[in-house]
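Asks: Chains C and X supply the protein sequences, listed in that same order. Heads up, the first sequence is in my numbering, so the first residue is 6 and it goes up one at a time. Heads up, the second sequence is in my numbering, so the first residue is 233 and it goes up one at a time. Every residue gets a Cβ at the ideal spot worked out from N, C-alpha and C, and that includes glycine.
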Amino acid sequence: MTVSRRRFLALGAGAAAGGFGTAGCGSQRSLGDADEITLWTWDRSVSDELVARAETKGIPGAQGFRLSRTNIGGHFNTKVRTALAGKSLVPDIIGINSDVATYFPNQDVFVDLNDFGAAGLKSRYLDWKWNECITPEGRMIAFPMDTGPTGLFYRADLLQEAGVTTDPKELAARAPDWDGFIALGKELRKSQERAVICPNIRHVWSIRLGQLGSKFMTQDGRYIGDRDELREAFELAYRIGRDGLSAGAPEGSPDLYGVITSGRQPVGIGAVWWGLAFPESAAPKTEGKWRVADPPGGSGNVGGSFLAITKYSKNPEAAYKFITWLQSPENQVKAFTEMSLFPSSPHSFTRPEMREPRPFYGGQRTIEVFGPSARRVRTVYKSPYDRVMDPVFAAELANVESGKNVDTAWRDAQNTIERELTREGAI
Amino acid sequence: MGLADALRGKSVERRGRIAKPPPDGSRPLPGWRRYWPMYTAVSPFFILFAVFGVFPVGFSIYLSFMSWDGIGETRSIGWENYAYLVTDSDFWQSIGNTLIIWLLSTVPMIFLALVIAYALHTAVRFKAFYRVAYFVPNITSIVAMTLVLGSVFSDSSGLLNSALRAINSGEVGWLSDPWAMKVSVAAITIWRWVGYNAIICLAGLQAISSDVFEAAKVDGADNRQTFFRITLPMLRPVILFVAVTSTIGGLQLFTEPQVLFPVDDNGNVGGPGGEATTIVLYLYQQAFVFNRFGYGAAVGWALFLLIAVFSVINWRLIGGRDEDAIGTGKRKGKSRAR
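Here you go:
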C-alpha cells in the first residue's frame, strides 16, 4: 500500500548522500577522530555518568584519548554487523548482548584481550561470566559487563493470605526444587483460584535451561540437545502448563505485565533485572510487598552483556584501558546504583552501596540473595548455533501450550534442529 | 554550447528533435556533448538511484546464491537457498499467513473505501472534516498505533475482551488464536488504509462528469442503480489502482505484525506458532535476527515473484476488461464471456 515507494527511496537516498558529503568518504577504518575512542552501546547498558566523565576528562590511564559514545537505538545487532561488514568507520568498542557466542565464527574481527594482559584480571570477575568471553580457540574476544543471576520473586502479602511462610530462607527451604515450586503454586490456589507461577511455559524452559551445566552443544561441536536432562526440562514446562500454573501470556505481550500488576502471578523466578522490568516499573503500587529468595532448582543466569574491541580500533590499548576502567569492581557498583546493572565482579558485592536495604522489597538486602546466586551459576558452553536452536524449542513449547502433544512437539523440535544444524554446516 | 543555451529550452528542444546542423555550418556535436547540462541536471536522481536502488537489487540477486552471516566471507552455494526455500515449511506458512491476512484486509477494505468515498462525495455538511478524519490514521505513526491497538486486542487485559465479557459472550484469543491473530492484523491494516483508499476513490468519483449522473437521474435511476450501474463501472480504473497497490502493500505487510507480535528473546516472530508471520517478517527474521542474509535475499526474490504474479492477476481481473472495452467491439464480446 506504500504508493510513493520510489519517491520515498529517492528522498532517503538524497538524505544519505547529504550525510556522505559532510562526513567525507575516506579510507579511514576506525570511526571518530584520531584521539577519540568510539563506543557503540544500547540505552541503559553502561553508566551514563562514567561515560560522560571519559568523554569530557579523557580516558583514565590512556593519556590523550577521550571517549565518544553513540547510543544506538533499535536494531543494535544489525547496525553493528553492517559496520563490521563495511570494514570502514567501525567503532573501536561495541557492546554485545548475552549472545556473545554468535560472534565466535567471526572472532578475528575482534582483538584478543589476552594480548593486553586481561588474564591478570580474571580473579576479579565471576568465573562463568569470564569463560563466556573466551572462544573455543582460546581467544578472549569480549569483556564482562553486567549479569543476570536469578532469584525467586514473591509477593509477601499474597503468600501470607495463602498461609505460606514469607521468610526468604524458609520459603527457599520449602521450594528447593521445581516439584516444591509446583506444590507451592498449588498451595497459592487455595486463596487465589487463578494464581499462576509463570507467565508462560517457555519461561519455565528458559529458566530451567539456565540452571543446567550444559546447553545444546559441547565445545567440540557435538549436538547434545536431545539428552534426557533436556527432555525432562521440556516435560517440566509441559507439566506446569497442564496443572494450570501458567498464565499462557504470549511472549512480549502486555499480558506479561497484566499478570504481575493484577497479582495473579504472586511468585516468579526471574533474573535480577526482572524485578526492575516488571514489578518495579509495571506495578509501583506494590512497593514494599515484594521479596526475593533463592530460586527453586538452583541458580542460573539470564541476560547480561559484554564489551568487545574491534580489530579496526585506532588504539586498542587505549580502548582496553577504558573497558577495564569502566568495568572495574568499584565502577560496576556505580553502574548498579545508577542503572541497576548487576555487577559481574563479586568484589563489588560486599560494597555498602550494594548492601543497602531495598524499599521496594520491604527493606530486604536483595544482594544477600543475588550475590550468592551469581556465584553459584555454572560455566556453560554456549555455541554460535544456539541462536538457531533456542527459537525452535521456544516455538514448540508455545505449540504445547496451545494444545500440541508434548511428545510430538519434542520430536518435531529435534527434527527441525537436525535440519537447521545440517543447513548451517554445524553437524 | 553552454548552460545558458540549455536553459533556453525552446531552441534546445527544436535541435533535439530535428537535429539540424547549426547555422554556422559546423557539424553537430555528439549527443552527450550537446546535452550534458541536462544530463547533469537530472543526474543526481540517477546516481542515487543507481547506488541505493539498482545496486542493492543487483546485490540481493548475487546474495541469494551465497551463504553470508553479515560479517564473514560470502560463500557461493549455488541454488541451495532456493532449494531450501521450496521445502521450508515456515516459508510456506508465511505465504499462507500473508495471503489470508491480505484477503481478510483487502476485500473488506476496498468495499469500505468505496462506501466511504461515496458517502464523502454526497455528504452535505462537514465535508472537509470527514475527509481529514478518515485520512488521519494513514499519517499517524503505525508503530505507536499498533502498540495502542495491541493493548485493545490483548488477550486477558484487552479492551475488546473486556467488552466481550461485559456482554457475556466468550473471550477471543486475539493475540493467541491462529485465526483471531490474523483478524487482528487485518483489522489494523484496514484501519490504517481505508481512509487513504477512500480519498483516492473520492478523487475518482469527482472526476466523473456530472452529466452522466444527471442523465441517469433523468432516466429515473435510483441511488442504488446509480451506484452499481454508473459509479462502479466508471470507477474501474481507480479500483484497479487501489486493488493493485493494496495487493502490493498487503503482500509486503510487516510493521503491524512485527509490532503486535514482537521478536521475542529467542528470535521467534509472528506470535504463538508463528501464525502472524508474514513473508517480509520472515525475511526480516532470517536476515536480521538469524543473520542468514543469503537466504533472506532468496525470500525477497520469492516475494517479488509472488507480487508480480498477483499484479498480473489483478490486472487481468479488473483492468483487462476495461482495456478490452476501449479496444474493438469484437474483443469486448469475448471478454464478457469470460
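When you compare the CB of C/T83 with every CB in chain X, is at least one pair closer than 8 Å?
Replies: Taking Cβ atoms only, chain X reaches closer than 8 Å to C/T83, which makes this a yes.
Asks: Listed from N- to C-terminal order along the chain, which residues in the stretch 374–408 of chain X have their beta-carbon within a distance smaller than 7 Å of any beta-carbon of chain C?
Replies: Here the close residues are G382, S383, S386, D387, S388, S389, L407 and S408.
Asks: To the nearest angstrom, how far is the alpha carbon of C/L131 from that of X/G382?
Replies: Distance between the alpha carbons of C/L131 and X/G382: 40 Å.
Asks: Reducing DSSP to helix, strand and coil, say where C/Q337 ends up.
Replies: DSSP places C/Q337 in helix when its eight states are reduced to three.
Asks: Could you check whether the Cβ of X/Y316 sits closer than 8 Å to any Cβ belonging to chain C?
Replies: Closer than 8 Å: yes.
Asks: Are there 16 or more other CB atoms within 10 angstroms of the CB of X/A273, so buried, or fewer, so exposed?
Replies: The residue in question, X/A273, is exposed, as its Cβ has fewer than 16 Cβ neighbours within 10 Å.
Asks: Does X/G505 come within less than 8 Å of chain C when only Cβ atoms are used?
Replies: Closer than 8 Å: yes.
Asks: Residues of chain X with CB closer than 7 Å to the CB of C/N404, please, in chain order.
Replies: Result: G505.
Asks: Quick one: residues in its chain with C-beta nearer than 7 Å to the C-beta of C/W199, no 5 flanking neighbours on either side, listed in chain order?
Replies: Note that residue 199 of chain C corresponds to Arg in the displayed sequence, not to Trp. For C/R199, where only same-chain residues beyond five positions count, the Cβ hits under 7 Å are R269.
Asks: Taking a cut of 8 Å between CB atoms, which residues from the stretch 476–507 of chain X lie near chain C?
Replies: The residues in question are T477, S478, I480, G481, G482, Q484, F493, P494, V495, D496, D497, N498, G499, N500, G503, P504, G505 and G506.
Asks: With respect to the alpha helix (DSSP H) encompassing C/F311, which residues constitute its N-terminal and C-terminal limits?
Replies: Per DSSP, C/F311 belongs to no alpha helix (DSSP H); it is in the beta strand (DSSP E), F311 to I314.
Asks: Measure from the C-beta of C/V393 to each C-beta in chain X and report whether the shortest distance is under 8 Å.
Replies: At least one chain X Cβ lies under 8 Å of C/V393.
Asks: Quick check for students: name the residue ranges of the alpha helix (DSSP H) that lie wholly in the stretch 228–252 of chain C, counting only runs of 4 or more.
Replies: Qualifying alpha helix (DSSP H) stretches, in chain order: 233–247.
Asks: What residue range is occupied by the uninterrupted beta strand (DSSP E) comprising C/S73?
Replies: Here the beta strand (DSSP E) through C/S73 covers R71 to I77.
Asks: Determine the chain X residues that contact C/V114 at a beta-carbon separation under 7 Å, and present them in chain order.
Replies: I303, listed in chain order.
Asks: Could you check where the beta strand (DSSP E) with X/W311 kicks off and where it finishes?
Replies: Per DSSP, X/W311 belongs to no beta strand (DSSP E) and is neither H nor E.
Asks: Does X/N523 come within less than 8 Å of chain C when only Cβ atoms are used?
Replies: Closer than 8 Å to some Cβ of chain C, the Cβ of X/N523 qualifies, so yes.
Asks: Quick one: Cα of C/V436 to Cα of X/L331, how far?
Replies: Because chain C here runs from 6 to 432, residue 436 of chain C falls outside it and cannot be looked at.
Asks: Just to confirm the assignment, what range does the alpha helix (DSSP H) spanning X/T479 have?
Replies: Where X/T479 is concerned, the enclosing alpha helix (DSSP H) stretches over R468 to L483.
Asks: Can you list, in chain order, the residues of its chain with a C-beta nearer than 8 Å to that of X/T421? Leave out the 5 residues immediately preceding and following it.
Replies: Hits under 8 Å: I333, S337, M341, G482, L485 and E488.
Asks: Counting only beta-carbon atoms, is C/A282 nearer than 8 Å to chain X?
Replies: No, because no Cβ of chain X sits closer than 8 Å to the Cβ of C/A282.
Asks: When Cβ atoms are compared, which residues of the stretch 69–99 of chain C fall closer than 8 Å to chain X?
Replies: Those residues of the stretch 69–99 of chain C that come within reach of chain X (Cβ to Cβ, closer than 8 Å) are H80, N82, T83, R86, T87, L89 and A90.
Asks: Looking at the secondary structure, which residues open and close the beta strand (DSSP E) in which C/Y159 lies?
Replies: C/Y159 -> beta strand (DSSP E) spans T155 to R160.
Asks: Which class does X/S383 belong to by DSSP, given the choice of helix, strand or coil?
Replies: Helix, per DSSP.
Asks: From X/F473 to X/F460, what does the alpha carbon distance come to, in whole angstroms?
Replies: About 19 Å.
Asks: Along the chain, where does the alpha helix (DSSP H) containing X/L492 start, and where does it finish?
Replies: That run of the alpha helix (DSSP H) goes T487 to L492.
Asks: DSSP three-state label for C/C30, please.
Replies: Because the pLDDT at C/C30 is just 41, under 50, the model does not fix this residue reliably, and the point stays unresolved.
Asks: Could you list which residues in chain X have their beta carbon closer than 9 Å to that of C/A399, in chain order?
Replies: Going along chain X in sequence order, the residues near C/A399 (Cβ under 9 Å) are D496, D497, N498, G499 and N500.
Asks: Specify the secondary structure class of X/G559 as computed by DSSP and reduced to three states.
Replies: Bear in mind that the predicted position of X/G559 carries a pLDDT of just 39, short of 50, making it too unreliable to give a figure here.
Asks: Does any CB atom of chain C fall closer than 8 Å to the CB of X/F358?
Replies: Chain C contact via Cβ: absent.
Asks: Exposed or buried, which one is X/Y516 when buried takes at least 16 other CB atoms within 10 Å?
Replies: Counting Cβ neighbours within 10 Å, X/Y516 comes out buried, since at least 16 surround it.
Asks: For C/S310 versus C/M150, is the C-beta spacing smaller than 8 Å?
Replies: Contact: yes.
Asks: I need the boundaries of the alpha helix (DSSP H) containing C/G273, first residue and last residue.
Replies: C/G273 -> not in any alpha helix (DSSP H); beta strand (DSSP E) instead, spanning V272 to A276.
Asks: Given C/A418, which residues of its chain have a CB within under 7 Å of its CB, disregarding the five upstream and five downstream residues?
Replies: So the list reads V397, F398 and E401, once near-sequence residues are dropped.
Asks: Using the beta-carbon of each residue, which ones in chain C are nearer than 8 Å to X/F520?
Replies: Those are H80, N82 and T83, listed as they occur along chain C.
Asks: Report the three-state DSSP secondary structure of X/G304 (helix, strand or coil).
Replies: X/G304: coil per DSSP, three-state reduction.
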